[in-house]
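First the structure, in the form of structure tokens, and then the observations on it.
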């Protein structure tokens with residue numbers, strides 16, 4: 004399925020947003036910024052119809068990105084440097100909603116509180132097939 008011209012434009016603008024922020028990936032936050040910057044597609048029209056101020060939305064998105072990017076202001080590697088290893092304890096999850104509705108499986112595993120079945124769906128399916 005091909006991309007529409009507006010979709011291509013949004014993705015190109017998303018790339019620019021990511022590069023301007025010094026990120027080496029394009030995430031949903033960059034796509035949102037690209038959508039806002041593009042300004043003519045259906046997505047933007049939906050936001051406008053919902054009476055969303057695009058300038059305020061962009062400012063809020065930028066504030067959240069800068070606050071939760073995991074990158075220090077000097078551009079060095081942040082929490083991503085610890086990917087797959089022990090996380091830095093100063094920012095437990097990076098999200099108040101995650102803290103409120105989720106649980107830290109790594110901490111529970113370290114404390115021996117984690118049910119050994121969690122994360123083993125493939126193994127369980129194999130046992131069920133054998134039985």
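In the numbering used here, the protein residues as written are 4 to 134.
Note that the Cβ used here is the ideal one computed from N, Cα and C, for glycine as well.
Sorting 62, 54, 27 by C-alpha distance to the C-alpha of residue 35 places 62 at the top. Our two residues, residue 64 and residue 119, have alpha carbons roughly 38 Å apart in a direct line. If you compare the alpha carbons of 28, 27, 51, 26 with that of residue 38, the shortest gap goes to 51.
Look at residue 27 here: in three-state DSSP terms it is coil, with no helix or strand label.
Residue 111 and residue 105 have their C-alpha atoms roughly 12 Å apart. When DSSP states are grouped into helix, strand and coil, residue 123 belongs to the coil group. Secondary structure note for residue 7: it is in no alpha helix (DSSP H), with a DSSP letter that is neither H nor E.
Secondary structure of residue 134 (DSSP, three-state): coil.
Distances from the CA of residue 46 to each of 26, 107, 14, 134 were compared; the closest alpha carbon is that of 14.
One thing to note: residue 21 has its Cβ within 9 Å of the Cβ of residue 33. Annotated three-state conformation of residue 102 is helix, per DSSP.
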